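A.B. asks:
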Amino acid sequence: MDQLTGFQRDLLYVIAGKDRPSGQEILDDINDYIDQPVTHGRLYPNLDTLVDKELVEKGELDRRTNYYALTPKGRRELQRRQKWVDQYVDV
1 MDQLTGFQRD LLYVIAGKDR PSGQEILDDI NDYIDQPVTH GRLYPNLDTL
51 VDKELVEKGE LDRRTNYYAL TPKGRRELQR RQKWVDQYVD V
């Protein structure tokens, strides 16, 4: 998890908060949060990295649309990260 970029961690949080979102749903949510618009050219390579690291699984919703979901490893890593953050930040 510490080898991920901040953007990749943000993507994990978005995926964790939704039920099998499509790439477009993830893009819409991340663009609501980030000041500079995120393009497909930035989003999908980062999603592929998360898949390669076995933190996210990618599957087909239909012939044109993929979904993304946290793997058990991804959920554990996100929980571990959140626990670490919580010990330093009390918001």
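Residue numbers (full-length UniProt numbering): 1 to 91. Yeah, the Cβ is synthetic: ideal placement off N, Cα and C, and Gly gets one too. As the structure is a prediction and not an experimental result, all values here were calculated from the model.
1) Quick one, are the C-beta atoms of Leu43 and Leu27 less than 8 Å apart?
2) Count the other CB atoms within 10 Å of the CB of Ile34; is the residue buried (16 or more) or exposed (fewer)?
3) Checking the sheet assignment: what are the DSSP bridge partners for Lys53?
4) Between which residues of its own chain and Val51 is the CB-CB distance below 6 Å, once the five residues before and five after are set aside?
5) So, helix, strand or coil for Lys18, using DSSP?
6) Put Leu70 into one of helix, strand or coil per three-state DSSP.
7) Would you kindly check if the distance between the Cβ of Leu70 and the Cβ of Ile15 is under 8 Å?
8) Identify the continuous alpha helix (DSSP H) that holds Ile26 and give its terminal residues.
C.D. replies: Judging by the given coordinates:
1) Indexing the sequence shown from 1 puts residue 43 at position 43. Indexing the sequence shown from 1 puts residue 27 at position 27. For Leu43 and Leu27, yes; Cβs fall inside 8 Å.
2) Within the sequence shown, the letter at position 34 stands for residue 34. It is exposed - the Cβ of Ile34 has fewer than 16 other Cβ atoms within 10 Å.
3) Mapped onto the sequence shown, residue 53 falls at position 53. Paired residue(s): none; Lys53 is not in a bridge.
4) Walking along the sequence shown from the start, residue 51 turns up at place 51. Excluding sequence neighbours, Val51 sits near Lys58.
5) Start at 1 with the first residue of the sequence shown, and residue 18 comes out as number 18. Three-state DSSP puts Lys18 in coil, outside helix and strand.
6) Residue 70 sits at position 70 when you count from the first residue of the sequence shown. Looking at Leu70 - three-state DSSP - the assignment turns out to be strand.
7) Position 15 of the sequence shown, counted from the start, is the residue given in the question as residue 15. Position 70 of the sequence shown, counted from the start, is the residue given in the question as residue 70. Cβ distance < 8 Å, so Ile15 and Leu70 count as in contact.
8) Looking up residue 26 in the sequence shown gives position 26. For Ile26, the enclosing alpha helix (DSSP H) starts and ends at Gly23 to Tyr33.
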